[in-house]
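The listed protein sequences correspond, in order, to chains P and Y.
The numbers in the numbering used here rise by one with no breaks, and the one at position 416 of the first sequence is 416.
The numbers in the numbering used here rise by one with no breaks, and the one at position 219 of the second sequence is 1219.
We treat Cβ as the ideally placed atom computed from N, Cα and C, and that holds for glycine.
Predicted, not measured: the structure shown is a model, and the values here were computed from it.
2 protein chains.
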Amino acid sequence: MSWTVRDSSFDKARIITNGNKYMTGNGYMGYRGTLEEFGRDQLAAVTLAGVYDQAGERWREPVNAPNGLYTALVCNGQRLSVLETEPLDHKQELDIRSAVHRRETVYRIPEGGELIYTAERFASMAELHVLASRQTVKCTADCRITIETGIDSEVWDINGPHLQDKQEMFKNGVLLASAVTGELQLPVAVAELSVFGFGGLKLSKAGALRRVTFDAKAGEIYEWFKYAAVYTGLDMEGAPEELAEQAVQAAAEKGYRELLQAHRRVWEERWSRCDCLIEGDAAAQLALRYSMYQLMIIAPTASEKVSIPARGLSGQVYKGAVFWDTEMFMLPFFLHSDPGVARNLMMYRIHTLDGARRKAAEYGYLGAFYAWESQDSGDDACTLFNVNDVFTGRPMRTYFRDEQVHISADVVHGIWQYIQFTGDDSLLLDGGAGVIWECARFFYSYAYYNPVKERYEILDVTGPDEYHERVNNNAFTNALVKETLEIALSCAELLESRYPESYRELHRQFTGGPFLTEFRTLLEGLYLPRPDPDTLLIEQFDRYFQLEEVTLPELRSRVINKNEYWGGGNGLATTTRILKQADVVLMLHLFKSAFTKEVKQANWEFYEPRTEHGSSLSACIYALVAAEIGSPDWGYPYFMRTATVDLTGESKQYVGDLYIGGTHPAANGGAWMAAVLGFAGVQFDGATVCLKPALPKHWQSVELPVTLRGGQYSLRVTRDEIVITAAAGNREALAFAGFGSPAELCGPGAELRLRLAEPAAAEN
Amino acid sequence: MSWTVRDSSFDKARIITNGNKYMTGNGYMGYRGTLEEFGRDQLAAVTLAGVYDQAGERWREPVNAPNGLYTALVCNGQRLSVLETEPLDHKQELDIRSAVHRRETVYRIPEGGELIYTAERFASMAELHVLASRQTVKCTADCRITIETGIDSEVWDINGPHLQDKQEMFKNGVLLASAVTGELQLPVAVAELSVFGFGGLKLSKAGALRRVTFDAKAGEIYEWFKYAAVYTGLDMEGAPEELAEQAVQAAAEKGYRELLQAHRRVWEERWSRCDCLIEGDAAAQLALRYSMYQLMIIAPTASEKVSIPARGLSGQVYKGAVFWDTEMFMLPFFLHSDPGVARNLMMYRIHTLDGARRKAAEYGYLGAFYAWESQDSGDDACTLFNVNDVFTGRPMRTYFRDEQVHISADVVHGIWQYIQFTGDDSLLLDGGAGVIWECARFFYSYAYYNPVKERYEILDVTGPDEYHERVNNNAFTNALVKETLEIALSCAELLESRYPESYRELHRQFTGGPFLTEFRTLLEGLYLPRPDPDTLLIEQFDRYFQLEEVTLPELRSRVINKNEYWGGGNGLATTTRILKQADVVLMLHLFKSAFTKEVKQANWEFYEPRTEHGSSLSACIYALVAAEIGSPDWGYPYFMRTATVDLTGESKQYVGDLYIGGTHPAANGGAWMAAVLGFAGVQFDGATVCLKPALPKHWQSVELPVTLRGGQYSLRVTRDEIVITAAAGNREALAFAGFGSPAELCGPGAELRLRLAEPAAAEN
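Set out below in structure tokens:
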């Protein structure tokens, strides 16, 4: 029950949101949750991770591969498709435990009787290039059936077309569709092989589709299997066409059941590292699992050259670009459950350092200014005009690209979190140290000294609250710059003490510019907006408190066009205190140990009613910090809103006239953060796991496995007791503290019980 | 001929622009060039200098007084007014030599025959509170005439009403209208006395109007006189009502002709100090005189508490506020012709220093940040939302108020120019030094140090080109900040050497904050955008060259609504290289000695086609600098455009949905600058008058008087000869140089002839 997502009828209006809801994928590709007969108009897509193309002057975006699982049915000469025929019954479901998608549709046969069509499919987690499907028909009256199946090369593109020189071939029973991308001339090949479990077939071909006709007998089940494989020029093993062909042949040899079994085994292993049990809340249980599922189907398990885009692999929205979402909202999940993926995500930033260096240089800064929208090269895909004005139709100048400088700090934060959580400091030697220092150097060149106030300031930035662009001393950004500088210094210390030779080598590369001395100067003089002594409020940025005080309903009542952008030069929110998303409150989460509970509470209460949550990255942070201040029930609705965003499909679909639909991996990661870091209160600082449970009132317990510094632990958290079990195979002990007690070590194979001394409110 | 402006027919469409074109005034009040029977709907207005009021939350603006010259005619029961009756003939003219307005209108008498109505009026330059008018009727057939005359209390207001507790009285033959302003409760009183030069009158009264009826005989001329006087609570001599009543009684006793004579005498004297003769260009001659006329009717000759608003005294547009226009565009005229007015203008800034201090403090800066829109107190009348978005009707956030920091430098520039031109350094002791130092202190607190580039920068400003707000290192602004710092240091040196005691006293007041040491530090480290070594171009601000390159016609073709604002967050010009007005080129004019002719020419040629001239302050600067680079004929069209702006009425009337019509004193001053400082090439640096004639091709000579450092000189400039004649009464000699020759002294009563060595092109 808590593993299945299901729709029991067909609703045309939900075709696009169901495409997101029923996503499958394996990190190499995403397969939208469309039905077998769907094409480009229904946004069917096989989105490839890390393969980008620019068509003409349009936005650069990921490439969608031809769809090797396309299948349509014709019965007695009439096309059977939910798009054309009202089905008698229809069911679409996703088994998130093993990432298998199923549909079952019952059609009326025109001449009488019914036809039951089922299709099951998965993107293999064991063979990342392979898609497999098992399909059946059964009818209650004899009829003639044609199965039109093969490869649909008419791919959906937002800013396409990306595939040129398309060729289709039929070779040894295998259909082959190949093309090259326009910009980088990357070959893309899809192979398909259909295996029919019954005879009496008449076969004809049309392009990359075959038509298989047979006379079906009432009551019989006709079963067939489809194997598709996708390779591109980025896969270095050989020629994509040959690899794809070999892959489908090999898949067919193994057979569907064996492929599925191997796929299931991988998923079982994945879940064993992260599945989180919530006692007392079935809805939250499903939503949380679903959030983890969405993260796992897009996680790069096999490549350190790609990261996770803001809309995952659900299409080309947001240019398939990687934002700060990855480090700040998704990384924590992987840090606790799959350090290998976490490492790949951070290696992606290391591989794209040159792009970040180019961007810094472009703006006249030193070091590395990471792309706001990062693709394969690390050059910024973000344009200076990222939203259209709905009133004039004109592109609107936005400052996402120029001024969200916190991105460089977010990358550093992610790398350092990785080091803290895994203890794997090899990442620093593999390029991490360079990234950290180049980012610190960037901030040194970005900072200005105010001679009257005798402090360094970070001017002209956009913080997380994008409705207020071009602000000075954004509290969030300044705090992250400070952290970057601290990390830059700590990194040098760590390397010097553990890897003195490598350190000397690296140090030499950095002597020609601002380095540790300058970082120290900036760190010591950096201005950090602090809580007001009376109100305890931290001002989001200089003069934020001078902005118009207006309620959200009042501001909404001023809306003229429902898609109008609230930020930018003339946006409705721009001159008010209304924020798009958690900003100061996110900072309080990140640096929780630097602020008292009173400060957190005062700022939560101040900013919460002023937050529009125009980003799916917002609600989870309010949930997290609500738990942190001991008010999980304030946070619970925010948690649920975050955890169900891709289930309900209730998210913004447009900004200006720009389509922004798709899945929401940052919200998926945020839901996990709220549940585990917030409600279960798992807080690891690299040395001690502090457990501060703050369970919503109807939750009895949370139980989950975590992987920390290479050790496996199982945690069970209730209101008054925490049980920690360390795997026998762990190599060392780890310190745990709970309910404010002193830390205790938990060695390999040991069990630790921490109990609430007296039933009082959770302490901060 | 070259002294008269005339319309020979009546055109309803020109009522408003003619109200500007036919302005009279005397610095105490402006009287719009409306006809006698006009009222608020025709924008009749008596705008009072320095009297401001705010009604409710609307914009604070000057107070218009009731119109004491209102007169309407009724003939045989029918109203005679150009608004209601098509006149047989109509003439409106302005004699700018003596500032007398005349109209003559011929109406058809309904029962047959014609009636000729004439009215002459002036705002007395001898008695600043007095308006006087002589009117006549003459008819070709007997008829019954009613003259409705008195005070029209229905004043035109943009953001009114401003007059409360209105009272009307008839006392000793004098009509009296009085009221108080809403905000400051200032009394405003207008008295009126009509004297009829004929008998047989029947009199009735209605409010502050009287109806005088008589039977007119064909061929007779019926003449009457009107005297009106205006006083307010700001006039410290006594109660406004009594003063006004006494003033009209006294005026009537003197009689119209004597009043007119006294008025003419003052005007004669004024013209003797400035009239500039252009040989070879009658159109330019009239336009230049007209420009000087417009400046003289609004110049504060009797008060150092008011300055000249951006729309002069032609109404309430731009809140009747004083902008940088005064120092940068009008002051030069007065510095060369009327140092007393120049001193008053600068004293106004000294009196409003506290307002500037308050504004600096409001934004967290030190020193004095002068108001972008300054009224009586020096507090900023500029709002944060100064333009409405025509597409949404919403107020648009603009940064005029926050970021046009050059205003403080402009004030300092003006004060120092005054000292240079007059030698009257008493102004420094009267508060000028305090203004200079407070402005320098403001910039010290505004500047930031860039530790990588090792320089101070001026960030986040708006320069003269208001289409580009929030820019860094605007070349114009940085150059003016530098000048401010230099002046601050020079001022200290000057005072220390000449007034050591006063200096010690002043110095003591400034020790508690950044002062000379800090000014020197900033001056030495300040970044000034310099000409590119290859292109010679000076970048208007950081990253200006990265903006979209687009032609003006192309940009115009993108306009959707003709009143849309081109600047602001989403303006058409904002993201392009198109500028509103001279910015770099204005800087080249101000600091001409710091740049080679090649640099000036390269920048003129680059920026000129990219300038929209959306401000009336723009064209004159291109004329000036064209002359400076020896291409006066490039500049001539810009000069004429500037000099005729109030004659043709061809200027922007709307920005967004904001009415901005009125006179253009900055353009008037700019026209004078282009002719005298540009074409005649009169360039005084406080020590030597450098004469660099660059006459347009059809100009034979320019001849004008100037007053410099207390001495009177007459200059006659031709292409190859300059003749300087010093008044016999001068106290000292002054150095003159021309055609690049070494300077020669010209003592009292002497004549100096400078000749072009050989007929070559004018040198830079």
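Boundaries of the beta strand (DSSP E) in which Ile151/P is found, first to last residue: Within the first sequence, numbered from 1, the residue matching residue 151/P stands at position 151. Per DSSP, Ile151/P belongs to the beta strand (DSSP E) from Cys143 to Asp152.
Identity of the residue in Pro1632/Y, Arg1731/Y, Ala1726/Y and Met1673/Y nearest Lys1697/Y by Cα: Counted from its first residue, the second sequence places residue 1697/Y at position 697. Cα-wise, what sits closest to Lys1697/Y is Pro1632/Y.
Residue range of the unbroken beta strand (DSSP E) whose run includes Asp7/P: As a working mapping, residue 7/P is identified with position 7 in the first sequence. Taken as a continuous stretch (DSSP letters only), the beta strand (DSSP E) holding Asp7/P covers Thr4 to Asp7.
Segment contact flag, the region 1472-1486 of chain Y with the region 1407-1424 of chain Y, C-beta cutoff 8 Å, min 3 pairs: yes
Residues of the region 364-394 of chain P with Cβ closer than 9 Å to any Cβ of chain Y, in chain order: Gly364, Tyr365, Leu366, Leu384, Phe385, Asp389, Phe391, Thr392, Gly393 and Arg394
is_contact[Arg801/P, chain Y] using C-beta, thresh 8 Å: Because chain P here runs from 1 to 764, residue 801/P falls outside it and cannot be looked at.
Buried versus exposed call for Ile1765/Y [16 or more other C-beta atoms within 10 Å across all chains shown]: Because chain Y is modelled from 1001 through 1764, residue 1765/Y falls outside the range shown and cannot be assessed.
Integer Cβ distance of Val1676/Y from His1129/Y, believed to fall under 8 Å: Working through the second sequence from its first residue, we reach residue 1676/Y at position 676. Working through the second sequence from its first residue, we reach residue 1129/Y at position 129. Going by Cβ atoms, the distance from Val1676/Y to His1129/Y rounds to 32 Å, so no, they are not a contact pair.
CA-to-CA distance, Met169/P to Ala772/P, given in whole angstroms: Any answer about residue 772/P is impossible in this case: the structure gives chain P only from 1 up to 764.
Validate contact between the region 463-474 of chain P and the region 496-515 of chain P using beta carbons, cut 8 Å, 3 pairs: no
Thr1462/Y, DSSP secondary structure in three states: Residue numbering aside, residue 1462/Y sits at position 462 when the second sequence is read from its first letter. Three-state DSSP puts Thr1462/Y in coil, outside helix and strand.
Stretch-stretch touch, CB-based, cutoff 8 Å, three pairs: the region 333-352 of chain P with the region 414-425 of chain P: yes
Counted within 10 angstroms of its Cβ, other Cβ atoms place Ala761/P as buried (16 or more) or exposed: As a working mapping, residue 761/P is identified with position 761 in the first sequence. Because Ala761/P carries a pLDDT of 48, less than 50, the predicted location of this residue cannot be relied on, and the following value inherits that uncertainty. Ala761/P is exposed by the Cβ-count criterion.
Within chain Y, the residues that Ser497/P reaches when beta carbons sit closer than 9 Å: For the purposes of this step, residue 497/P is taken as residue 497 along the first sequence, with counting starting at 1. Those do not exist, as Ser497/P stays about 29 Å from chain Y at its closest Cβ, beyond 9 Å.
Residue nearest to Asp376/P in terms of C-alpha spacing, selected from Lys319/P, Val188/P and Ala694/P: In the first sequence, residue 376/P corresponds to position 376, counting from 1. Ranking Lys319/P, Val188/P and Ala694/P by Cα distance to Asp376/P puts Lys319/P first.
Backbone CA spacing between Thr1707/Y and Gly1423/Y [nearest angstrom]: Along the second sequence, one-based indexing puts residue 1707/Y at 707. Along the second sequence, one-based indexing puts residue 1423/Y at 423. Between Thr1707/Y and Gly1423/Y, the C-alpha separation is close to 12 Å.
Under 7 Å (Cβ pairs) to chain P, residues found in the region 1457-1482 of chain Y: Leu1459, Asp1460 and Arg1470
Under 9 Å from the C-beta of Arg1397/Y: neighbouring residues of chain P: Mapped onto the second sequence, residue 1397/Y falls at position 397. Near Arg1397/Y (Cβ distances below 9 Å), the residues of chain P are Gly569, Asn570, Thr574 and Thr575.
Touch test, the region 165-184 of chain P against the region 72-90 of chain P, Cβ-Cβ under 8 Å, three pairs minimum: no
Stretch pair the region 1058-1069 of chain Y + the region 1254-1265 of chain Y: three plus CB contacts closer than 8 Å: no
Straight-line gap, Lys226/P to Val717/P (C-alpha atoms, nearest Å): Working through the first sequence from its first residue, we reach residue 226/P at position 226. Working through the first sequence from its first residue, we reach residue 717/P at position 717. If I take the Cα positions, the gap works out to 45 Å.
Alpha-carbon to alpha-carbon, His589/P and Glu763/P: Along the first sequence, one-based indexing puts residue 763/P at 763. Along the first sequence, one-based indexing puts residue 589/P at 589. With a pLDDT of 45 at Glu763/P, under the threshold of 50, the predicted position of this residue should be treated as unreliable, and no value is reported.
3 or more residues per run - each beta strand (DSSP E) lying fully within the region 1089-1166 of chain Y: 1089-1095, 1100-1108, 1114-1123, 1130-1139 and 1143-1152
Residue closest to Gly1056/Y, alpha-carbon to alpha-carbon, out of Arg1134/Y, Arg1079/Y and Ile1158/Y: Here residue 1056/Y refers to the residue found at position 56 when the second sequence is read from its first residue. When only C-alpha atoms are compared, the closest one is Ile1158/Y.
Within-8 Å CB hit, Asn1450/Y to chain P: To locate residue 1450/Y, count along the second sequence from 1; it is residue 450. Answer yes: the Cβ-Cβ gap between Asn1450/Y and chain P drops below 8 Å somewhere.
Under 9 Å from the C-beta of Tyr444/P: neighbouring residues of chain Y: Stepping through the first sequence from its first residue, residue 444/P is reached at position 444. Ordered by position in chain Y, the residues that pass the 9 Å Cβ test against Tyr444/P are Pro1451 and Val1452.
Classification of Arg1270/Y by the beta-carbon crowding that lies within 10 angstroms, buried from 16 upward: Mapped onto the second sequence, residue 1270/Y falls at position 270. With 16 or more other Cβ atoms within 10 Å, it is buried.
Where Phe560/P meets chain Y, residues with beta-carbon distance less than 7 Å: Here residue 560/P corresponds to residue number 560 of the first sequence, with the count starting at 1. Here residue 560/P turns out to be Ile, not Phe, going by the sequence shown. Within chain Y, the residues near Ile560/P are Thr1392.
Chain-ordered chain P contacts of Pro1803/Y [CB-CB under 9 Å]: Residue 1803/Y is absent from the structure shown; chain Y starts at 1001 and stops at 1764.
Leu526/P burial status per 10 Å Cβ neighbour count (16 or more: buried): As a working mapping, residue 526/P is identified with position 526 in the first sequence. It counts as buried.
Trp224/P - partner residues in DSSP beta bridges: Looking up residue 224/P in the first sequence gives position 224. Per DSSP, Gln135/P and Phe196/P.
Proximity below 8 Å, CB of Lys1111/Y to CB of Asn1076/Y: On the second sequence, residue 1111/Y is found 111 positions in, with the first residue counted as 1. On the second sequence, residue 1076/Y is found 76 positions in, with the first residue counted as 1. Residue identity check: residue 1111/Y is Glu in the sequence provided, not Lys. Result yes, Cβ atoms of Glu1111/Y and Asn1076/Y sit closer than 8 Å.
Proximity of Gly33/P and Ala123/P at Cβ, strictly below 8 Å: Counting from one through the first sequence, the residue named residue 33/P turns up at place 33. Counting from one through the first sequence, the residue named residue 123/P turns up at place 123. Their beta carbons are not under 8 Å apart, which means Gly33/P does not touch Ala123/P by this criterion.
Neighbourhood of Leu1331/Y by C-beta distance below 7 Å, restricted to the same chain and skipping five residues each side: Position 331 of the second sequence, counting from 1, holds the residue named residue 1331/Y. Excluding positions up to five away in sequence, the list reads Ala1342, Leu1345, Gly1414 and Gln1417.
CB-CB length for Leu1295/Y against Gly1669/Y, believed under 8 Å: Counted from its first residue, the second sequence places residue 1295/Y at position 295. Counted from its first residue, the second sequence places residue 1669/Y at position 669. The Cβ separation is near 6 Å, so the contact holds.
Exposed unless 16 or more other CB atoms sit within 10 angstroms - verdict on Asp460/P: Translated into the one-based positions of the first sequence, residue 460/P becomes position 460. Looking at its Cβ environment, which holds 16 or more other Cβ atoms inside 10 Å, Asp460/P is buried.
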